[in-house]
Amino acid sequence: MKVFKVVSFVFAFIALTLQGVAANDMTSATENSSKEKIRKITQLIKREPANSQAYADRASAKMEAKDVFGAIHDFSAAINLSKENNAQYLLGRGNAFLEIGAYKEALKDFNVALENTSSAELLYGRAVAAYFLDDYFGALRDLDQVIAVAPNHPKALYNRAVVKMELKQLDGAAEDLESFLSHFPNHLEAERALAAADAALQK
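Taken in order, the sequence shown gives residues -22 to -1, 1 to 181; the numbers are from mature numbering (1 follows the signal peptide of the UniProt record, and there is no 0).
In structure tokens, the structure reads:
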């Protein structure tokens, strides 16, 4: 069972509860704020149709508003207009592709961006795409690099454990899950995964 998306949902939920705001109230406020952002940026684009950053900003606002296909369209416009130094736009479009399950398209964007720059965000995105394309070794390679520069990256730790379990690297999976749980104790899915890894190691 693929669990990267589950992890993404869990972290969204954690962020909301830490802020002490009801999820429904937060969603409504975010959507209203995003719609206002989109309206203002659209006015800017009408005045400055060659402004690549404006398209990227509107794409981000559309992602907040759950308009993923609209965001992909705007990120594409930003990429076409910028020509150079567009790694952040490729990252944004790659993440949008991940949202709709277009993993090959996402992988292509992350690969192109990584030809000119490297970041934990790009490597993590490529790891997610690789995982869903059943390239577990590719996903592991990128997650190793993410954790090398950001040792406490919680999603990377959890998901590297998931990949290691797929590859039967149970010792490493258990270590990653223990590190993850030190940051997020009582995380049910991680506790279950750690119990499964420990049980398998004892056989």
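The C-beta atom is built at its ideal place from N, Cα and C for all residues, glycine as well.
Predicted, not measured: the structure shown is a model, and the values here were computed from it.
Three-state secondary structure assigned by DSSP to residue i
{"i": "Gly150", "result": "helix"}
{"i": "Pro132", "result": "helix"}
{"i": "Phe162", "result": "coil"}
{"i": "Glu26", "result": "coil"}
{"i": "Gly103", "result": "helix"}
{"i": "Ala80", "result": "coil"}
{"i": "Ala174", "result": "helix"}
{"i": "Asp45", "result": "coil"}
{"i": "Ser96", "result": "coil"}
{"i": "Lys142", "result": "helix"}
{"i": "Leu111", "result": "coil"}
{"i": "Lys181", "result": "coil"}
{"i": "Lys40", "result": "helix"}
{"i": "Glu62", "result": "coil"}
Inter-residue Cα distance where the pair is residue i and residue j
{"i": "Asn73", "j": "Lys86", "result": "11 Å"}
{"i": "His165", "j": "Leu159", "result": "7 Å"}
{"i": "Lys152", "j": "Arg71", "result": "For the sequence presented, residue 152 should be read as Ala rather than Lys. Spanning the two alpha carbons is a distance of roughly 33 Å."}
{"i": "Ile125", "j": "Gly116", "result": "14 Å"}
{"i": "Ile57", "j": "Asp149", "result": "42 Å"}
{"i": "Gln147", "j": "Ala178", "result": "11 Å"}
{"i": "Ala65", "j": "Ala91", "result": "5 Å"}
{"i": "Gln21", "j": "Ala128", "result": "39 Å"}
{"i": "Met143", "j": "Ala175", "result": "7 Å"}
{"i": "Glu156", "j": "Ile23", "result": "48 Å"}
{"i": "Lys15", "j": "Tyr33", "result": "12 Å"}
{"i": "residue 255", "j": "Ile19", "result": "What the structure shows of the chain is the stretch from -22 to 181, and residue 255 is not part of that stretch, so it cannot be assessed."}
{"i": "Gln123", "j": "Ala43", "result": "32 Å"}
{"i": "Ala49", "j": "Arg104", "result": "19 Å"}
{"i": "Val141", "j": "Leu118", "result": "7 Å"}
{"i": "Gln180", "j": "Ala173", "result": "11 Å"}
Residue environment, residue i, which counts as buried when at least 16 other CB atoms sit within 10 Å
{"i": "Ile78", "result": "exposed"}
{"i": "Pro132", "result": "buried"}
{"i": "Asn137", "result": "buried"}
Original post:
Counting pairs of beta carbons, one from the region 89 to 99 and one from the region 112 to 119, are three or more of them closer than 8 Å?
Top reply: no
Original post:
Touch check for the region 20 to 29 and the region 38 to 46: three-plus C-beta pairs under 8 Å?
Top reply: no
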